[in-house]
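Novice: Residue numbers (numbering that gives the first Met the number 0), protein chains in the order written: chain A, 0 to 338; chain B, 0 to 338; chain C, 0 to 338; chain D, 0 to 338.
4 protein chains.
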Amino acid sequence: MIVILKSGVSREQVSDFSDILRKKYGVDVHTSFGEQSTVLGLVGDTKAVDIDSVSAFPIVETVRRVQEPYKKVNRKFHPDDTVIDVAGHKIGNGELQIMAGPCSVESEEQIVGIAESVKKSGANFLRGGAFKPRTSPYAFQGLRADGLELLKHAKLKTGMPIVTEIMSADHLPLFEDVDVIQVGARNMQNFELLKELGKCNKPILLKRGLANTIEETLMSAEYIMSNGNENVILCERGIRTYETFTRNTLDVSAVPVFKKLSHLPVVVDPSHASGITWLVEPLSLAAVAAGADGLMIEVHNDPPHALSDGAQSVTPEQFQRLCDKLFAVTNAIHSITHN
Amino acid sequence: MIVILKSGVSREQVSDFSDILRKKYGVDVHTSFGEQSTVLGLVGDTKAVDIDSVSAFPIVETVRRVQEPYKKVNRKFHPDDTVIDVAGHKIGNGELQIMAGPCSVESEEQIVGIAESVKKSGANFLRGGAFKPRTSPYAFQGLRADGLELLKHAKLKTGMPIVTEIMSADHLPLFEDVDVIQVGARNMQNFELLKELGKCNKPILLKRGLANTIEETLMSAEYIMSNGNENVILCERGIRTYETFTRNTLDVSAVPVFKKLSHLPVVVDPSHASGITWLVEPLSLAAVAAGADGLMIEVHNDPPHALSDGAQSVTPEQFQRLCDKLFAVTNAIHSITHN
Amino acid sequence: MIVILKSGVSREQVSDFSDILRKKYGVDVHTSFGEQSTVLGLVGDTKAVDIDSVSAFPIVETVRRVQEPYKKVNRKFHPDDTVIDVAGHKIGNGELQIMAGPCSVESEEQIVGIAESVKKSGANFLRGGAFKPRTSPYAFQGLRADGLELLKHAKLKTGMPIVTEIMSADHLPLFEDVDVIQVGARNMQNFELLKELGKCNKPILLKRGLANTIEETLMSAEYIMSNGNENVILCERGIRTYETFTRNTLDVSAVPVFKKLSHLPVVVDPSHASGITWLVEPLSLAAVAAGADGLMIEVHNDPPHALSDGAQSVTPEQFQRLCDKLFAVTNAIHSITHN
Amino acid sequence: MIVILKSGVSREQVSDFSDILRKKYGVDVHTSFGEQSTVLGLVGDTKAVDIDSVSAFPIVETVRRVQEPYKKVNRKFHPDDTVIDVAGHKIGNGELQIMAGPCSVESEEQIVGIAESVKKSGANFLRGGAFKPRTSPYAFQGLRADGLELLKHAKLKTGMPIVTEIMSADHLPLFEDVDVIQVGARNMQNFELLKELGKCNKPILLKRGLANTIEETLMSAEYIMSNGNENVILCERGIRTYETFTRNTLDVSAVPVFKKLSHLPVVVDPSHASGITWLVEPLSLAAVAAGADGLMIEVHNDPPHALSDGAQSVTPEQFQRLCDKLFAVTNAIHSITHN
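#1: Which value, in whole angstroms, describes the spacing of the CA atoms of residue 50 of chain B and residue 271 of chain A?
#2: Taking 8 Å as the threshold (C-beta atoms), are residue 140 of chain A and residue 131 of chain A in contact?
#3: So with CB distances below 7 Å, who are the chain A contacts of residue 255 of chain C?
#4: Relative to the C-alpha of residue 274 of chain A, which candidate in A/126, A/306, A/312, A/73 has its C-alpha closest?
#5: Using a Cβ-Cβ distance under 8 Å, would residue 33 of chain C count as near chain B?
#6: Run down chain A in chain order and give the residues with a C-beta less than 8 Å from the C-beta of residue 17 of chain B.
#7: For residue 248 of chain A, list the residues DSSP reports as bridge partners.
#8: With distances taken between CB atoms, is the gap from residue 111 of chain D to residue 129 of chain D smaller than 8 Å?
#9: Give me the residue from C/253, C/333, C/310, C/19 with the minimum Cα distance to residue 102 of chain C.
#10: So residue 196 of chain C contacts chain D; which residues on that side make the cut at Cβ distance below 7 Å?
#11: Which residue wins for smallest C-alpha separation from residue 119 of chain D, given the options D/335, D/233, D/6, D/322?
#12: Closer than 7 Å, Cβ to Cβ, to anything on chain C: give me those residues from the stretch 50-80 of chain D, in chain order.
#13: Kindly indicate which residue of C/158, C/333, C/147 has the alpha-carbon position closest to the one of residue 86 of chain C.
#14: If we cut at 8 Å on Cβ distances, does residue 126 of chain C have a partner in chain G?
#15: Closest to residue 243 of chain C by CA distance: which of A/266, A/203, A/212 is it?
#16: Quick one, which of C/284, C/235, C/136, C/282 has its alpha-carbon nearest residue 227 of chain D's?
#17: By Cβ distance, which residues of its chain are closer than 8 Å to residue 28 of chain D, with the 5 residues on each side in sequence left out?
#18: If you reduce the DSSP assignment to three classes, tell me which class residue 135 of chain A lands in.
#19: Is residue 290 of chain D close to chain B? Criterion is C-beta to C-beta, closer than 8 Å.
#20: With DSSP as the reference, label residue 99 of chain B as helix, strand or coil.
#21: So, is residue 175 of chain D buried or exposed, given that buried needs 16 or more other C-beta atoms within 10 angstroms?
#22: Where do the N-terminal and C-terminal ends of the alpha helix (DSSP H) with residue 51 of chain B fall, by residue?
#23: If we cut at 8 Å on Cβ distances, does residue 21 of chain B have a partner in chain C?
#24: Residues of chain D with a CB under 8 Å from the CB of residue 24 of chain C: which are they?
#25: Name, please, each residue of chain B whose Cβ falls closer than 8 Å to the Cβ of residue 3 of chain C.
#26: State yes or no: is the C-beta of residue 287 of chain A within less than 8 Å of the C-beta of residue 325 of chain A?
#27: Below 8 Å on C-beta distance, what does residue 327 of chain B contact in chain A?
#28: Answer yes or no: does any C-beta atom of chain B fall closer than 8 Å to that of residue 323 of chain D?
#29: What three-state label does DSSP hand residue 261 of chain B in the structure shown?
#30: Per DSSP, which one or two residues make a beta bridge with residue 293 of chain B?
#31: According to DSSP, simplified to helix, strand and coil, what is residue 312 of chain A?
#32: Under three-state DSSP, which class holds residue 77 of chain D?
#33: I need the boundaries of the alpha helix (DSSP H) containing residue 164 of chain B, first residue and last residue.
#34: Tell me whether residue 29 of chain B sits in a helix, a strand or coil according to DSSP, three-state version.
#35: Please tell me whether residue 315 of chain C has its Cβ less than 8 Å away from any Cβ of chain D.
#36: Using 8 Å as the threshold, is the C-beta distance between residue 180 of chain B and residue 203 of chain B below it?
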């Protein structure tokens, strides 16, 4: 950590301040006196040093972190890729994992039908919402516990592991047979929920918040991991920007950045990133070309009559064509990379 | 709601589609055939019409909402200002309410000392964090239940009503003696929490999420109100933008906009909006000049040793000077407005 | 165009207002009376209707555009892809065009050396900055006219057409032998410059402004085209968001969106989009997978000693590996698409 | 400037790299060896050190600036407020300067009528657009040279100094009788224009670009000042964010921040910041409460028939009421500040 002092600070003030820092945080302090400003370098374990406290000293101009504030997710301390095995499907080992299904679980017929269809096209996880976070209290809120039952039923019928969103730690007992628990964008900084998920041993798919930085996303993963659960999958799903044509802006750079800074697998959700059916294909291809370990795609047999997110769901036919292209691009990239 | 159809759609398709909309949503449909596109006007109660479903029909180009999607918070259906009475202090009646206190409750001495000091300067609510949402799992997480006890103690000593943040509906029983329950920016779209708060009868101070629109904030207030609790106070606390000099960007326009669109009282938090001590005064004055009903300000007796948010806390002396200016500006505006 | 009137407006007011609109803009007006609001549909050529003027009428609540405000760039009026031929290289016909070279032209040896090297790797255009827009007046401002001379020299030696940025219409006479004139992000709404470029007949590579919408970018292209020059190439180069890890956020969705809304070719600049060398490869692959017609990549033989943009320049060796991957992905996508 | 090296770098590499920096930039280098990373402090005049070049060295992890990259605008080197005298009206001396007038100059009757009216209400500068930057090539582009003539005529009639926008350095000869030359948001980084304005001696009102940072705005002011013209007035006019209710988001914090970092006067344009008539009053009051030296307000006698920006123009009656409130708030703040 670097502490830049205001100009005009005396050597005695610098020395007194350095003593305080050494005692309070157990760090070593290196001093560099410049013409216009004096700079302190804090050396040691600065993870717990509070930038705000240090900034509040009257002689301080600014404070800048040098080390990343995360540890468990940091690739520097864990150079190998984390691979998460879900019922034999390995996320993060270089193969493409496709999670597909409807935005909301609506009925047995719907969820089983879509599951069988996407499985045939190449998906290996079934996604579907039972608890639905909706901006409006008047919108369909999901079938909730009943939706989970239908998902489990579809899992039994097809053998596909299931991915579904949790909205409150109180619902955890209902998620016992769920294979991957999803934390939605709006709950990415629901720290009480993250702590509880850190105490279970299920894979957690953590979606980046709609206006959260890459670093904040990694800090939320750190909440889960530092509480004991190391099975975290990161998910980029578009961020909020000034552009209004798309629902969100897919930050495709986040894929290689997440993989550089952390060792966790990275999945992309092109459906929420765009909000538009015809963008799902080009964004899926872009995500895979950028190195994503998996995709999460909304598929609905009858989008105009979907109870939610109809505008961004692809039909089973569109999904089939998309999978063909995805596997071709993945193969092309693999063949060059391994040459 | 306006539905714009793709060019080349036949009159028969338009007629079939209009029938579907009439049946599905119970709305009336007006049709306007143009040269390049046909436009449908959906008339009636369109609050429950799902834009996504309508957009998913292949003949639809785009859908635009005409009416606001909120009802209970809407000034159109409730023209008079809502005034919330908390222990005799009225929020929303034109007088300025100042909520002040430390970011985190740290000790009995600290919280009582600050409470007595800010009360003397003119604050009429005591704020203080017991449950603290922190980006890092390694940062101080608040004294939690013990912090609430200390706050209640300070309330007893000073007679000031207390405002403090809730992070999980499970903690609600602990908040029985809290006067105003705060929902933090990160939980603004924690809909399970909002629903539970809608079932209690305490005033809720709802902070705008760090990247949420004005409309989304009103929809979150609608969650609380539609569940039965009409005592909602809106709080602008800065939004996330590309500018990095300030921690957030205070959206001062949100104050008059919230008051135009809704009948709820509006409070501003200049401490979190800026993250910098010396900006608290100008932003507080700006907020009041723009029409805010109240302010929420972080005050700490010893900012460099605060356990959180030291860099944005003002000292009791700075707070005293700030209150003097605030009351002068409020008086100046009142005297002209009432002339 | 849809005009939503305030509630409580009388039928007579509506009729008077409709007459004004008919006379002022020569449009037809369809009226739809709803319970809560009356909606007018303006039908005809609304391209010149000023939203602000209409909004300023006291009885108007809001105005929403239905038709796109651009015409010459609009795919609706020009369904076929525009293909621009530059010295035999066709941009927009489905083949990948790679524009490569240093950020700044620095010397004859440098520009010729890099040109020969990138040509060998597969680039078919040479890019290089002579006039350099720099945030700081103290930074290197480019070799200006001398830089253009060196570029032309490299063109003679290698036969590669050259792409370089213009910063003022006054410099146009110097650009006579330039093959593609680039408008930088900071000048995307320098309308006086756009008008002048519309009067020349050279291909213009128009970079999206760092915080401009897709629609604004198309409107700037419309400035050039409506002044007579139809040879416009759009370029996505990253937009400004709250994320600070990357210099900008590559809006990869803009590629398929530009191609859907307009008929113009689309090129991506991954170097400026990220500002980081190791992101150039994954972003280039993502851009091509999303459908880009070309790439513009900064290559420097000695990045640490580059006079500008060293941190985002790849070396000739990295560029060679990148080209190999790009051609493999392009071939894979072509082979599926054409099956 | 702080240079953070990658972990695992040898002492010899550090020593070699330090030598390069010393020779290349004439700076002194202080080294601080930490457990996880080594940090170099560059001491001396680092204004011309190119961050990108330094970052491009393979052993460098990141580079962070300590000193501000601007010098002439920096309050550290010029502690006193700059006061700019325009025909006896002093901008920056603590008194409120109000610049008012129509978005576009439309006719002699219009500009003289509005000038006389706003003068009576308390405005002391006349603003009006002759050269108009418009997003659409089909929108009214201003009366251009004829508009300037009309402005000068209104100046003669009323004695008010005039403020108007320039769009190209080629037009400078036409601006000889203009009192304050405005650089619009879209040209804030038109560096060729800034350089030319630096060579004239007229006051320049520099508007912050719609997505430019505070620092970039100061760097554009530095372009003008380093070329010889020290009469720069900064103008905050709203920035682009994800919020769509207002046209832009007024960054009211920029007022105190500009005044802290620089010595230049700061003016606010609430009309463009909001784009909505009824927001002009609260935003004007907020700007003045936050410390603005002046305001720039669009006033039109007949907003619905204005040729541009009708939706954000106030009427002369609204302007009169606004001025009354502004002077009351200014007086209230002055009276406390000077106690």
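Even glycine gets a Cβ: it sits at the ideal position worked out from N, Cα and C. As the structure is a computational prediction, the values presented were derived from the model and not from experiment.
Specialist: Concretely, from the data shown:
#1: 15 Å
#2: yes
#3: 278, 281
#4: A/312
#5: yes
#6: By Cβ distance, chain A contributes nothing, its closest Cβ being about 14 Å from residue 17 of chain B, past 8 Å.
#7: A/238
#8: no
#9: C/310
#10: Under the 7 Å cutoff, chain D gives no residues; its nearest Cβ is about 12 Å from residue 196 of chain C.
#11: D/322
#12: 51, 52, 54, 55, 56, 68
#13: C/158
#14: The question asks about chain G, but that chain is absent: this structure's protein chains are A, B, C and D.
#15: A/212
#16: C/136
#17: 17, 20, 21, 39, 40, 41, 42
#18: coil
#19: yes
#20: strand
#21: exposed
#22: 50-54
#23: no
#24: Here the premise fails: no neighbours, minimum Cβ distance about 12 Å.
#25: 65
#26: yes
#27: Near residue 327 of chain B there are no residues of chain A at all, since even the closest Cβ is about 27 Å away, more than 8 Å.
#28: yes
#29: strand
#30: B/96, B/266
#31: coil
#32: coil
#33: Where residue 164 of chain B is concerned, there is no enclosing alpha helix (DSSP H), although the beta strand (DSSP E) it sits in stretches over 161-165.
#34: strand
#35: no
#36: yes
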